[in-house]
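Trainee: Taken in order, these protein sequences are the chains called R and L.
Per our numbering, the first sequence starts with residue 1006, numbered consecutively.
Per our numbering, the second sequence starts with residue 1006, numbered consecutively.
Protein chains: 2
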Amino acid sequence: MAASPQPFEPPPGAAFLLSALGSLAAARFAERVAALDLAPPQVGLLRAIAATPGQSQQAVAQLLGTPPSRLVALVDGLADRGLVERHRNPTDRRLHALHLTDAGRATLGRLENLGQEHDNDICGALDTEERARLRAMLIRIAEDQNLTPGVHPGYRRDC
Amino acid sequence: MAASPQPFEPPPGAAFLLSALGSLAAARFAERVAALDLAPPQVGLLRAIAATPGQSQQAVAQLLGTPPSRLVALVDGLADRGLVERHRNPTDRRLHALHLTDAGRATLGRLENLGQEHDNDICGALDTEERARLRAMLIRIAEDQNLTPGVHPGYRRDC
DNA sequence: CATAATCATTACGAGGCAGAATCGTTCTAC
DNA sequence: GTAGAACGATTCTGCCTCGTAATGATTATG
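1. Mark L:Pro-1158 as exposed unless 16 or more other C-beta atoms lie within 10 angstroms of its C-beta, in which case mark it buried.
2. Does the beta-carbon of R:Val-1038 have 16 or more other beta-carbons within 10 angstroms, so that it is buried, or is it exposed?
3. Of all Cβ atoms in chain R, is any one closer than 8 Å to the Cβ of L:Leu-1029?
4. Tell me whether L:Pro-1017 is buried or exposed, calling it buried when 16 or more other Cβ atoms sit within 10 Å of its Cβ.
5. Measuring alpha carbon to alpha carbon, tell me which of R:Leu-1113, R:Asp-1132, R:Met-1142 ends up nearest R:Pro-1045.
6. Does the CB of L:Leu-1088 have a neighbour CB from chain R at under 8 Å?
7. Do R:Leu-1083 and R:Leu-1050 have their CB atoms nearer than 8 Å?
8. Closer than 8 Å by C-beta to L:Thr-1160: which residues in its own chain qualify, once you throw out the five before and the five after it? Chain order, please.
9. Using a 10 Å radius around the Cβ and a threshold of 16 neighbouring Cβ atoms, would you call L:Gln-1060 buried or exposed?
10. Tell me, to the nearest whole angstrom, how far the beta carbon of L:Phe-1034 is from that of R:Ser-1028; I am working on the premise that it is less than 8 Å.
11. Taking the continuous alpha helix (DSSP H) assigned at R:Leu-1041, which residues delimit it?
12. For chain L, find out if any of its Cβ atoms is closer than 8 Å to the Cβ of R:His-1123; answer yes or no.
13. Going by other Cβ atoms of all chains shown within 10 Å of its Cβ, with 16 needed for buried, is R:Val-1077 buried or exposed?
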């Protein structure tokens, strides 16, 4: 009673499509930022530091949902490039307050343009109005799922 | 002239939201299928075999976009559980034709229900009509990006 | 003043994945 | 008909990522 060998019997649901397109978007974004010698997690870290400068590494780690030990290598990579600085807090010398350098801010600006191109690449099939409706729906889902705005959940465990 | 420390200056675009929600959806799905002792790639393989039974491993590998050597372990895991069988092709004994067992089909049925629950979980913020519009837009994007329907691009290292 | 807690870092180990090498089988050329 | 190339599946090897556990330095507590 096997029907004709139709590919993939149940049509994929919205969640599957979200996962598939999200994976595609993430991979494409990784390619783009590779041109700046950056990995996606480093971009997220840059954005997090820009949003709330002076935070301790532990605070940032908690915000991003990553173990602190992972953050060390991330910060190292950005500090080696001169995009980020660790400032020792004089009142509590355990803490490393994270700040962007001027070069870091410049890189962030370049990333913003790059993000726009990325958006146009991914959403090329949609006109401006449709894109706005898509964004609105996605934001509603993100809020419903208690996602921290601007934070990619791929930091916690699998991406 | 730094404005108030607003979190994440540029509002996230649709591509970022897609990536973030896709990551979330993938992680949640992984949790769900873990209850059946399955990993997401194995689920994709099950679905691929169900869609076109009797294919060689190499053909399936090409469809999914994964190196053949990776498929071996994947098939092994499913074969150990008795969900999949390798049938030697008598006319060409190099080939291993992949087929689902009855247990495999039963598991696939369970996965279908599980997928519906997953869909409802992720899209809980949207009513039925909105969900349909979201699906339609996502499908258009997927077609525009030349994604193989039903195949998760996460198999491909480069996509 | 001593002990516990906190932050960053390092050390270690597990797991996953891609690419090269291997083994058996089939096709092609002569 | 046989030798050698081509092909499919598998194994092997090395790399890379990540999470957890220990380490060291500093500060809070009682």
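Note that CB positions come from ideal geometry on N, CA and C, so glycine has one too.
Mentor: Quick look at the numbers:
1. buried
2. buried
3. Yes, L:Leu-1029 counts as interfacial toward chain R.
4. buried
5. Minimum Cα-Cα distance from R:Pro-1045 among the listed residues R:Leu-1113, R:Asp-1132, R:Met-1142 corresponds to R:Leu-1113.
6. By this cut-off, L:Leu-1088 is not an interface position.
7. yes
8. First, the amino acid is wrong: residue 1160 of chain L is Tyr here, not Thr. Once the five neighbours on either side are set aside, the close Cβ partners of L:Tyr-1160 are Pro-1046, Gly-1049, Leu-1069, Gly-1070, Thr-1071.
9. Buried, because 16 or more other Cβ atoms sit within 10 Å of the Cβ of L:Gln-1060.
10. That pair is no contact at about 12 Å.
11. Neither: R:Leu-1041 is in no alpha helix (DSSP H) and is coded neither H nor E.
12. yes
13. exposed
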